[in-house]
Each structure stands twice: as C-alpha cells, then as structure tokens.
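Protein chains in written order, with the numbering used here: chain F, 88 to 290; chain A, 88 to 290. Glycine included, every Cβ here is placed at the ideal spot set by N, Cα and C.
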C-alpha cells in the first residue's frame with residue numbers, strides 16, 4: 088500500500104498523520120478529536136487551536152492524502168509493474184494489516200459520501216485522480232513494452248471500478264473467493280503475469 | 088431493478104415494505120421509526136408493538152429482501168438475458184429514480200457493515216446469494232446457446248464485483264464515465280450484445 092504521511096514535517100502534517108492513523112484504527116463514526124489526540128505526539132490543546140470539529144480535520148486529512156496521490160504520479164511511470172502490483176496488493180491484506188483497516192475506513196466514508204456532498208466531493212476527486220494516475224501508469228507500461236493493452240483509459244476504468252468493488256466487499260463481508268479473479272483480470276487486461284513480475288521485483 | 092415488496096400481504100410485510108421505501112428515501116442514518124411510520128398505511132403504534140428499535144426493523148427488512156432474492160432464482164433461469172440486463176440496469180439509474188436511491192442506501196449500509204458485524208453478516212449472505220444466482224443465470228444462458236462464456240462462476244464473480252464497484256462509485260461521486268465500460272465488459276464476458284437483446288426484449 089502507498090504510505091501516506093510517511094515522514095510528517097511540522098505540527099500540521101503531524102496532526103494530519105495522527106488523523107490518518109486514528110481513522111484507520113477507529114473508523115470515521117467512532118473518531119473524535121480525543122482519539123486523534125492519542126495518536127498526536129504533541130499537546131492535544133494544539134488540535135483545538137487549529138480545528139473546530141473532527142469533520143474539518145478529516146476533510147483536511149483527505150485533501151492532503153489526495154495531494155500526495157497526485158504528486159506520486161511521476162514515481163508510478165518509472166516502474167509501472169511495481170505500481171500496478173502495489174495497487175492490487177491492498178485488497179489481499181489480512182485483517183490485522185493497516186491496509187485492511189484503511190479499506191474499512193474508506194468504505195465507511197464512501198457510505199458517508201452517499202448522503203453528504205462535502206464527502207462526495209472528495210471521492211469525486213479521489214476517483215478522478217486514481218483513474219488518471221492508473222491510465223498514465225498503464226500508458227508508461229505500454230511504451231516500455233511491459234503491458235499489451237490497446238486502450239489504457241478503458242483498462243484503468245475497469246481495474247479501478249473492479250478494485251473499488253473488491254475493497255468494499257472485503258470491508259463489509261468475510262468473503263474472499265473473488266480475489267483470485269481480480270488478480271487474473273488484471274493479468275488478462277494488461278497481458279502480463281503479475282506473479283512473475285512480483286518475483287522479479289523482489290530479486 | 089428487481090421490485091422488492093411489490094405486493095405486501097398482511098401487517099408484517101406492509102411494515103417491511105414501508106421500511107424499504109423509507110430507507111430508499113432517507114438513507115439509514117436519517118431513518119427512524121417515525122419516518123418509517125410515514126410510509127406505513129396502518130397505525131404507527133403497531134410498529135412499536137412489533138419492534139423495539141430501527142435496527143431490528145432494518146435487519147428484518149434486509150433478511151426479507153434476501154429471502155425474496157433467493158426465491159427469484161427460478162425466474163432468472165427462464166430468461167437469462169433479461170435477468171442480466173435487469174442486473175446491469177440499476178447502475179445507470181438517474182438520481183430521481185428509486186434504483187439510484189436504493190444504491191445510495193446500499194452504499195451507506197456497506198459503510199455501516201465495515202464496522203458492524205450484524206450488518207456485515209447480511210452483506211455476506213447478500214453477496215453469496217447474488218453471486219450464486221448470477222452463476223445459475225449465466226449457466227442457463229450458456230445451455231440455451233445465449234451466452235458463450237466458458238466459466239460461468241468466474242464471470243459471475245467478475246460481473247458482481249464490478250457492479251458493486253460501480254454502484255458504490257455512482258452513490259458516492261458524480262462521475263459516470265466508467266458506465267459504458269461496465270456494459271462493454273458484460274458484453275465481452277458473455278459475448279452477447281446487450282443493446283440488441285434490450286431491443287428484442289422490448290419488441
């Protein structure tokens with residue numbers, strides 16, 4: 088999984104990193120300025136100095152995550168198969184893994200977005216950024232002779248919608264029998280064996 | 088879309104039908120025994136006589152919907168292409184359509200299920216029923232020479248996960264640029280032109 092807020096600099100970034108960790112651990116509904124404070128290395132009073140509500144802080148955190156996603160496009164074109172692998176990896180995470188916790192928080196906030204336009208706006212941006220980024224990654228892979236798809240844009244839409252479905256199913260059920268299909272579909276769409284690529288990346 | 092509680096018989100079914108309609112209109116978080124009462128043709132006091140909380144009523148409603156889904160399998164094997172079309176149709180619904188409202192309520196409850204095992208249990212059953220039903224429908228279509236897929240089980244998993252992603256994206260964003268891909272994928276997986284089938288069904 089992409090690591091958000093890997094090296095937070097300064098109070099604001101540390102606060103957003105704390106929000107991200109608290110969101111993963113507790114989910115959105117159970118989140119409070121207090122639970123965020125428990126993940127924050129500095130005084131909790133600083134939180135109340137900068138933010139009036141948990142929603143304000145969560146939305147700021149989502150915006151910062153989207154900024155980080157947008158800025159990571161360059162990396163994804165340098166190593167397209169590693170990028171696709173990282174994209175697919177999240178959905179296989181076991182329950183104790185931070186990626187699994189992140190899938191649950193994402194699914195809960197998608198639910199929130201279905202009736203709350205302020206959250207819907209973030210998922211609109213997230214989906215646009217992710218689809219565009221996947222398209223760019225796939226195009227780079229085709230140019231480098233790594234992938235064979237003839238339509239990177241449609242392939243990106245397909246993979247992203249399929250992965251969204253798999254994330255939501257992982258978070259809201261205990262079923263996992265569709266995960267092999269997700270991997271197989273990615274391999275068929277890109278005509279590339281990701282298990283082999285996975286090994287060659289590790290070597 | 089499949090019509091749930093189309094012809095409710097007796098007080099219990101009328102109450103579950105009212106819950107389903109109220110859920111579509113208000114969503115889960117904003118639902119109350121009072122808003123359900125507004126959709127119920129009989130006295131609201133009857134609701135309090137049968138149920139102690141909205142959750143109890145919502146879960147009973149979800150269970151009844153799953154029962155109806157399970158019992159509708161026979162219909163789906165009589166006319167496989169109509170069944171697949173109905174399955175794909177929901178995701179194209181405009182915002183004023185009951186199917187769109189249903190997608191939003193479903194997405195909100197998936198979010199609820201990501202932290203609530205009682206809801207997760209229902210989505211587990213829903214996903215198992217839907218995947219099994221899709222597989223049966225596709226197998227029937229292959230036997231009738233209508234579909235060409237060699238692996239109905241994988242095709243069902245693919246279509247159901249893709250549609251789950253599309254439902255959640257429709258409910259939580261304003262984007263629609265992936266919808267043609269969903270239709271095209273169904274056609275490719277089943278090697279059948281659904282726009283033609285759609286017309287021939289209407290004739």
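Taking 8 Å as the cut-off, the Cβ atoms of residue 269 of chain A and residue 253 of chain A count as close.
For residue 251 of chain A, the chain F residues whose Cβ falls inside 7 Å of its Cβ are 252, 255 and 256, in order along the chain. When C-beta distances to chain A are compared with 8 Å, the residues of the segment 261-282 of chain F below that value are 261, 262, 264, 265, 268, 269, 271 and 272, in chain order.
Counting every other CB atom within 10 Å of its CB across the protein chains shown gives residue 199 of chain A a total of 16 or more, marking it as buried. By the CB criterion at 8 Å, residue 240 of chain F and residue 251 of chain F fall outside the cutoff. Neighbours of residue 202 of chain A in chain F, taken as residues at a C-beta separation under 8 Å, are given in chain order as 114, 116, 117, 191 and 195. When the beta-carbon positions are compared, residue 104 of chain F and residue 118 of chain F stay at least 8 Å from each other. The Cβ atoms of residue 189 of chain A and residue 260 of chain F do not sit closer than 8 Å to each other.
Contact between residue 167 of chain A and residue 233 of chain A holds, with the beta-carbon distance rounding to 6 Å and staying under 8 Å. For a Cβ distance threshold of 7 Å, residue set 268 and 272 of chain A lies close to residue 245 of chain F, ordered along the chain.
The Cβ of residue 186 of chain F sits no closer than 8 Å to any Cβ of chain A. Nearest in C-alpha terms to residue 90 of chain A, of all of A/113, A/173, A/264 and A/178, is A/173. Each residue's CA atom was taken as its position, placing residue 281 of chain F and residue 267 of chain F some 12 Å apart. Residue F/273 holds the alpha-carbon nearest to the alpha-carbon of residue 175 of chain F among F/273, F/277 and F/278. The beta-carbon of residue 109 of chain F is placed no less than 8 Å from the nearest beta-carbon of chain A.
Under the three-state reduction of DSSP output, residue 240 of chain F falls in the helix class. With respect to residue 256 of chain A, residue 247 of chain A sits apart: the two C-beta atoms are not nearer than 8 Å.
In this structure, DSSP gives residue 268 of chain A a helical state, which the three-state scheme calls helix.
At a beta-carbon threshold of 9 Å, the residues of chain A lying near residue 214 of chain F are 256, 259, 260, 262 and 265, ordered along the chain. Short of 7 Å from the beta carbon of residue 157 of chain F, and not among the five residues preceding or following it, lie these beta carbons of its own chain, in chain order: 216. Here residue 138 of chain A carries a coil assignment [DSSP, helix/strand/coil].
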